[in-house]
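Residue numbers (our numbering), protein chains in the order written: chain B, 89 to 381; chain L, 2 to 316.
Don't be surprised by glycine CBs; every beta carbon is placed ideally from N, CA and C.
Predicted model, so just to flag it, every value in this text is computed and none were measured.
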């Protein structure tokens, strides 16, 4: 491309870098501050002297949280939820997306099924009937409540269905002439060709399950069944540190504030660890279904 | 006569045979849909049937089917209730303010990112601004509650400039601006992706032609890039119409408190408190149904507009 490299263009570049750098910092500073607070001692933290660098560096806040049991229990609930929930999400997404990717000529009744799906996407009964339904199914306080109510992510079904439709028809037709069933073509043609799309949806489903907290808050009535984000909510939003069962004597040289910060980091670390993978896949994910106009 | 009857029977037989041949091949497609349909039935359609509690005086002991009917009483009560008008207005105001600010900021940010010549710098900024999208409102809320407290980093920084401490989350003046700004923090970066994708698909020839004609970079943004992504901007604006009553339940439930109910209480939080805290299930379900019904109409209109002005189809 022809680009005039004159002084006004250079000035423009500098302005762009300054503005973008400023916006980037604005996004990042609260997170750096959080890390700094989580590593600071009581006097610095209570006094509010910590800005972007820890004062009176200590690992005590992390040790305190990790020495007591409850946070592990919450992490375990979340890990179970992520594994079970993501598996269910992907199995049901594939099972729904594949038949619906066929035409109505090939798969009679396809349009009826599509409407059943779309109505569920466009209209919902609202929070109260949703809650009453799950309660009447006897699922309160069960891990199944957390994974079943959202087991079929409808939007993902539509994305994957659109993706399956891009697969050349000839591949499947040739296989069917050779006697393959629809199960065979799904497992041996469609799924292998969709690995990037499936990886994207899996990562997103897993992050979604990790981050969910509202369902845990209303469907779990006992603290010990809370997933980590619901647990964290009790600590950092309700400001109830008792759930952590920290030793009160240790709070002599640690502050509530730093313990909360450390708990946020503990709950967020797994997301930060998968973030590089997410980033590689999510551009792909957005293009999977979004820009069609 | 007999011949015609026989003909019909043959045709029926053929049709039955056709169906048998058809199902022998396609039964897996129906079998695959069984589990998804059960999930939809239990967790989408049964709750839809459950909206009848909005027309009942729901009694948990009696369930959906035997609770006494009260007709439109719950809705009548709502329409005369000043709290309801307040939460309706708050939902609408906050949602619209969020949609407009998010779109303006994310389009601008995408245009800026597109101008960054250093790939490394651009990637770094993208990595940073996308990150908050993947953090839950509990994480961001926990950070914000501390950051915005009277002893928090923001108030201490303002203190250096001589500004007296501000109770950001406990003030009806500040609550909405905080909600709108923190929503930008979480979502503005992420929302640029679709615009960046649209910007890469602009024909480079247009930029070359503009440069040869003496257009500077600002003029090229103004006359090449913005028109180039205008169809995507219009598409997103149309689709956004579907969420003008979605003010952000998780965000507000995390950040609000009784002091700011006047400016910050929205339909979803009202439903949550009335239904799940005070156990006034029918009243809360009536609010929820009101919101779902309007939301449904809005989404249908949004998709219609998107199809009309941007040729958008979801499948």
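Taking 6 Å as the limit between beta carbons, can you name the residues of its chain near residue i, skipping five residues before and five after?
i: residue 166/L; result: 151 and 156
i: residue 380/B; result: Bear in mind that a pLDDT of 36 at residue 380/B, under 50, signals an unreliable position, so the model cannot answer this.
i: residue 355/B; result: 316 and 320
i: residue 190/L; result: 130 and 131
i: residue 314/B; result: 162, 304 and 308
i: residue 13/L; result: none
Could you list which residues in chain L have their beta carbon closer than 7 Å to that of residue i, in chain order?
i: residue 363/B; result: 132 and 135
i: residue 301/B; result: 137 and 139
i: residue 297/B; result: Residues of chain L passing the Cβ test: none, with the nearest at roughly 11 Å.
i: residue 218/B; result: 48
Could you confirm whether any beta carbon from chain L is found closer than 8 Å to the beta carbon of residue i?
i: residue 203/B; result: no
i: residue 324/B; result: yes
i: residue 107/B; result: yes
i: residue 118/B; result: yes
i: residue 231/B; result: no
i: residue 184/B; result: yes
i: residue 266/B; result: no
i: residue 344/B; result: no
i: residue 153/B; result: no
i: residue 146/B; result: no
i: residue 130/B; result: no
i: residue 139/B; result: yes
i: residue 166/B; result: no
Would you mind telling me which residues of chain B sit closer than 8 Å to residue i, beta carbon to beta carbon, in chain order?
i: residue 1/L; result: Absent from the structure is residue 1/L, since the part of chain L shown begins at 2 and ends at 316.
i: residue 104/L; result: Under the 8 Å cutoff, chain B gives no residues; its nearest Cβ is about 15 Å from residue 104/L.
What residues in its chain sit with their C-beta under 8 Å from that of residue i, if we drop five residues either side in the sequence?
i: residue 117/L; result: 123 and 126
i: residue 212/B; result: 218
i: residue 178/B; result: 286, 289, 290 and 293
Just mark residue i as buried or exposed, buried being the case when its beta carbon has 16 or more other beta carbons within 10 Å.
i: residue 183/L; result: buried
i: residue 73/L; result: exposed
i: residue 120/L; result: exposed
i: residue 337/B; result: exposed
i: residue 262/B; result: exposed
i: residue 276/B; result: exposed
i: residue 209/L; result: exposed
i: residue 365/B; result: exposed
i: residue 218/L; result: buried
i: residue 260/B; result: buried
i: residue 133/L; result: buried
i: residue 330/B; result: exposed
Note down, in chain order, every chain B residue with its Cβ under 9 Å from the Cβ of residue i.
i: residue 257/L; result: Near residue 257/L there are no residues of chain B at all, since even the closest Cβ is about 10 Å away, more than 9 Å.
Measure from the C-beta of residue i to each C-beta in chain B and report whether the shortest distance is under 8 Å.
i: residue 315/L; result: yes
i: residue 270/L; result: no
i: residue 143/L; result: yes
i: residue 78/L; result: no
i: residue 276/L; result: yes
i: residue 190/L; result: yes
i: residue 33/L; result: yes
i: residue 45/L; result: yes
So, at 7 Å on beta carbons, what are the nonlocal neighbours of residue i in its own chain, with the 5 sequence-adjacent residues on each side left out?
i: residue 186/B; result: 252, 274 and 278
i: residue 197/L; result: 111, 114 and 115
i: residue 342/B; result: 130, 148, 149 and 152
i: residue 57/L; result: 68, 69, 70, 71 and 283
i: residue 247/L; result: 96
i: residue 93/L; result: 245 and 246
Determine the chain L residues that contact residue i at a beta-carbon separation under 8 Å, and present them in chain order.
i: residue 356/B; result: 136 and 140
i: residue 221/B; result: 43, 44, 47, 48 and 51
For residue i, which residues in chain B fall below 7 Å Cβ to Cβ?
i: residue 186/L; result: 115
i: residue 30/L; result: 187, 190, 195 and 270
Give a yes or no on whether 8 Å exceeds the smallest Cβ distance from residue i to chain C.
i: residue 239/B; result: Among the protein chains of the structure shown, namely B and L, there is no chain C.
### Task
Could you say if the region 255–264 of chain B and the region 192–206 of chain B meet the contact criterion of at least three C-beta pairs nearer than 8 Å?
no
Measuring CB atoms only, is the region 262–270 of chain L touching the region 88–98 of chain L, in the sense that at least three cross pairs come out at less than 8 Å? yes
field: At least 3 beta-carbon pairs within less than 8 Å: the region 225–232 of chain B vs the region 15–32 of chain L
entry: no
Any 3 or more C-beta pairs closer than 8 Å across the region 236–244 of chain L and the region 294–313 of chain L: yes
So, does the region 135–148 of chain L touch the region 222–231 of chain L, judging by three or more C-beta pairs under 8 Å?
no
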